[in-house]
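**Student:**
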Amino acid sequence: MANSISNFRAKCLKYDNGLAGIEPPKAPFRTSEYYKVISMYKNISNSLPKIDGDLTCYENPTAKASNAWYSPNREVVFVNGMLNSPKDHMDAALGLSLLQMCKVIGVYNASSVSEGTMNTVNAVVEDLVQCLGDKLQWDSHQIDRDLVKLQMMLEAGAGNKQKSKDLVRFWLARNKAALTLFDYLYVNKGKSTTIFAHSQGNLISSNALTGLFLLEPEALMNITVNSYGSPAIFWPDGISHSSYSYTLDPVALLPGLGNSLRFSTSTIGGQITHAYENYRRDDATFVVNAFRWGMLRMTASMDEEGLAKALVDMGTNMGRVTKIFERLQRAHYTDSDDVALLYIEKIKNNPALLQTVRNAAGLTKVLKTCLEEGWTTDRERKAIAAIS
């Protein structure tokens, strides 16, 4: 296997140098059998991934048991970060399934070290080396040069999409998780896809999406990416991208000034943490902060209309919507009544969703609390009646 990979890389170097007559070789890392496997990924296993790049479908039993709140036909993708054991990956994917109330397709980014040595200094350094390699692939300051170079190589095989695809797959093959994600996205191109990426998983996602962009830019129009603690700077055009970061997350600070200081990033201040579990735990705060402006826990302005629409878009995920309204009522009570009013008025045109809200006792309680505090207007009284 080592010799075949070595020979393969040598051939690609010749192709890279522009020697005539050299076909872009096919990566030995995936065979036609892999596509039979990837077409069966929807079989729910809730099992531990075995190797780097494994694709596994997870479904949280508690989420599934919620019946009306669960979306059985929806799925999202999760790519984990550095120093994650198979169990870490599985636990995070199952937690995301509960948060999103749907199936999760886990793309496993394996650590380069054994689970027993994962907390050692050497382990951190080894995984950082792989992370740096991902960053330098298409996320470095030479990104424009590299993209032009690759585009020229793609055009060299003009008229042969398979050759171009093989070339992109080779460029991605140094990280098997990136290659798996690219294959998954390619197989599912044209479908609405949402990716949740943590830490190094963002570099993996960025590289896979860039590969897809170079082949078929239009395929990115239906893809949404949610980044947590991201060290990635570059994302290809066409995707819908949201970023979430603790202001003192050391990994998010890696791109110079850091994604955590960008106005386009929803942030939480004060915490020095990078753990994905903390990001999932603070989901409600991150969602609210994505629509507010301010500092030192003072809100200068809030996009109440935008937040209400985002809550409606969460559909029947009543548990998540409830936690967000609880956060609003607790930390932003002067805005909570307006958001609650707009939310109810929007769902009144969706009888099925309105009935689901009525049946969610915890949500109706917090909505009524938001609307009843202080002076209650006629519009607010009508909204209360609509959910009663």
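Going by the UniProt record's numbering, the letters in the sequence shown line up with residues 1 to 388, in that order. Backbone N, C-alpha and C fix where the C-beta goes; we use that ideal spot for every residue, glycine too.
#1: Between which two residues does the beta strand (DSSP E) containing H241 stretch?
#2: Pull up the CB-CB distance for T267 and S245, whole angstroms please, since I reckon it's below 8 Å.
#3: Kindly list the residues whose CB is nearer than 7 Å to the CB of T369, restricted to its own chain and excluding five residues on each side of it in sequence; keep chain order.
#4: What are the boundary residues of the alpha helix (DSSP H) that includes G211?
#5: Where do the ends of the alpha helix (DSSP H) carrying M90 lie?
#6: According to DSSP, T334 sits in a beta bridge with which residue or residues?
#7: Are the beta-carbon atoms of T180 and V77 separated by less than 8 Å?
#8: State the beta-bridge partners of S266 as determined by DSSP.
#9: Is DSSP giving C370 helix, strand or coil here?
#10: How many Å lie between D313 and N350 at the Cα?
#11: Opposite T224 in the DSSP bridges: which residues?
#12: If you compare alpha carbons, which of A275, N226 and F234 is closest to P250?
#13: Thinking C-alpha only, which one of Y108, T224, L99 and Y58 is nearest V79?
#14: On a Cα-Cα basis, can you pick out the residue from I239, F170 and S205 that is closest to G190?
#15: Look up residue 389 in the DSSP assignment and say whether it is helix, strand or coil.
#16: Closer than 6 Å by C-beta to I195: which residues in its own chain qualify, once you throw out the five before and the five after it? Chain order, please.
#17: State the Cα-Cα distance for the pair N46 and P72, rounded to the nearest angstrom.
#18: Who does G106 pair with in a DSSP beta bridge?
#19: Starting from the C-beta of K348, find all residues in its chain whose C-beta is less than 7 Å away, skip the five residues before and the five after it, and write them out in chain order.
#20: Pull up the distance between the alpha-carbon of E372 and that of D337, whole angstroms please.
#21: Using the three-state DSSP reduction, which class does F170 fall into: helix, strand or coil?
#22: Would you grab the beta carbon distance between F325 and V366 for me? Rounded to a whole angstrom, and I think it's under 8 Å.
#23: Under three-state DSSP, which class holds A385?
#24: According to the Cβ coordinates, are F291 and G315 closer than 8 Å?
#25: In three-state DSSP terms, what is residue 390?
#26: Measure the C-alpha to C-alpha separation of G362 and W69 and round it to an integer number of angstroms.
#27: Can you name the start and end residues of the alpha helix (DSSP H) that V251 belongs to?
#28: Would A178 pass as a contact of N207 if the rule is Cβ separation under 8 Å?
#29: Report back the beta-carbon spacing between L55 and Y186 to the nearest angstrom; my notes put them in contact at under 8 Å.
#30: State the DSSP-derived secondary structure class of T376, mapped to helix, strand or coil.
#31: Buried or exposed, going by whether 16 or more other CB atoms sit within 10 Å of the CB of E277?
#32: K163 by DSSP, collapsed to three states: which one?
#33: State buried or exposed for A300, treating a residue as buried only when at least 16 other CB atoms are found within 10 Å of its CB.
#34: Note down, in chain order, each residue of its chain lying with its Cβ closer than 6 Å to the Cβ of T273, except the 5 sequence neighbours on either side.
#35: Mark E23 as exposed unless 16 or more other C-beta atoms lie within 10 angstroms of its C-beta, in which case mark it buried.
#36: Among E216, N202 and R379, whose alpha-carbon lies nearest the alpha-carbon of A252?
**Tutor:** In terms of the structure at hand:
#1: Translated into positions along the sequence shown, residue 241 becomes position 241. Start and end: S240 to Y246.
#2: Looking up residue 267 in the sequence shown gives position 267. Looking up residue 245 in the sequence shown gives position 245. Confirmed, Cβ separation roughly 5 Å.
#3: Walking along the sequence shown from the start, residue 369 turns up at place 369. The answer, listed in chain order, is Q329.
#4: Walking along the sequence shown from the start, residue 211 turns up at place 211. It spans Q200 to L215 - the alpha helix (DSSP H) in which G211 sits, taken as one unbroken run.
#5: For the purposes of this step, residue 90 is taken as the residue at position 90 of the sequence shown. Taken as a continuous stretch (DSSP letters only), the alpha helix (DSSP H) holding M90 covers P86 to Q100.
#6: Position 334 of the sequence shown, counted from the first residue, corresponds to residue 334. BP columns for T334 are empty, so no partner.
#7: Indexing the sequence shown from 1 puts residue 180 at position 180. Indexing the sequence shown from 1 puts residue 77 at position 77. No; because the gap between Cβ atoms is not below 8 Å, this pair is not in contact.
#8: For the purposes of this step, residue 266 is identified with residue 266 of the sequence shown, where counting begins at 1. According to DSSP, which records beta bridges pairwise, S266 is partnered with Y244.
#9: What you label residue 370 is simply residue 370 of the sequence shown in a count that begins at 1. Three-state result, C370: helix.
#10: By 1-based counting over the sequence shown, the position of residue 313 is 313. By 1-based counting over the sequence shown, the position of residue 350 is 350. Approximately 12 Å between the Cα atoms of the pair.
#11: As a position in the sequence shown, residue 224 is number 224, starting the count at 1. For T224, which the question treats as bridged, DSSP gives the partners T194 and S240.
#12: Locating residue 250 in the sequence shown gives position 250, counting from the first residue. Nearest of A275, N226 and F234 to P250, Cα basis: A275.
#13: The residue labelled residue 79 in the question sits at position 79 within the sequence shown. The candidate whose alpha carbon is nearest that of V79 is Y108.
#14: Indexing the sequence shown from 1 puts residue 190 at position 190. If we check each option's Cα against that of G190, I239 comes out closest.
#15: Outside the displayed range of the chain (1 to 388) lies residue 389, so it cannot be described from this structure.
#16: Locating residue 195 in the sequence shown gives position 195, where the first residue counts as 1. Within the same chain, I195 has close Cβ partners V77, S205 and V225.
#17: Along the sequence shown, read from residue 1 onward, the residue named residue 46 stands at position 46. Along the sequence shown, read from residue 1 onward, the residue named residue 72 stands at position 72. Looking at the two C-alpha atoms, the distance is approximately 15 Å.
#18: The residue labelled residue 106 in the question sits at position 106 within the sequence shown. Paired residues: T56 and F78.
#19: As a working mapping, residue 348 is identified with position 348 in the sequence shown. Contacts found: L354 and A386.
#20: Position 372 of the sequence shown, counted from the first residue, corresponds to residue 372. Position 337 of the sequence shown, counted from the first residue, corresponds to residue 337. E372 and D337 have their C-alpha atoms spaced approximately 8 Å apart.
#21: The residue you call residue 170 lines up with position 170 of the sequence shown. Three-state result, F170: helix.
#22: Within the sequence shown, the letter at position 325 stands for residue 325. Within the sequence shown, the letter at position 366 stands for residue 366. Right, their Cβ atoms sit about 5 Å apart.
#23: Counting from 1 along the sequence shown, the entry for residue 385 is found at position 385. Helix.
#24: Position 291 of the sequence shown, counted from the start, is the residue given in the question as residue 291. Position 315 of the sequence shown, counted from the start, is the residue given in the question as residue 315. Not a contact, by the Cβ cut-off of 8 Å.
#25: Examination of residue 390 is not possible in this model, given that the chain is present from 1 through 388 alone.
#26: Translated into the one-based positions of the sequence shown, residue 362 becomes position 362. Translated into the one-based positions of the sequence shown, residue 69 becomes position 69. Their backbone Cα atoms lie some 13 Å apart in a straight line.
#27: Numbered from 1 along the sequence shown, position 251 holds the residue referred to as residue 251. Counting along the chain, V251 falls outside any alpha helix (DSSP H), and DSSP gives it neither H nor E.
#28: In the sequence shown, residue 178 corresponds to position 178, counting from 1. In the sequence shown, residue 207 corresponds to position 207, counting from 1. A contact, by the Cβ cut-off of 8 Å.
#29: Counting from 1 along the sequence shown, the entry for residue 55 is found at position 55. Counting from 1 along the sequence shown, the entry for residue 186 is found at position 186. The pair is not a contact, with the Cβ atoms about 13 Å apart (cut-off 8 Å).
#30: Looking up residue 376 in the sequence shown gives position 376. Looking at T376 - three-state DSSP - the assignment turns out to be coil, as it is neither helix nor strand.
#31: Stepping through the sequence shown from its first residue, residue 277 is reached at position 277. Classification for E277: exposed.
#32: One-based indexing of the sequence shown puts residue 163 at position 163. DSSP places K163 in helix when its eight states are reduced to three.
#33: The residue given as residue 300 occupies position 300 in the sequence shown. So A300 ends up on the exposed side.
#34: Within the sequence shown, the letter at position 273 stands for residue 273. Taken in chain order, the residues that qualify are Y246.
#35: Here residue 23 corresponds to residue number 23 of the sequence shown, with the count starting at 1. No answer about E23 holds up, because its pLDDT of 43 lies below 50 and its placement is not dependable.
#36: By one-based count along the sequence shown, residue 252 stands at place 252. Comparing Cα-Cα distances from A252 to each of E216, N202 and R379, the minimum goes to N202.
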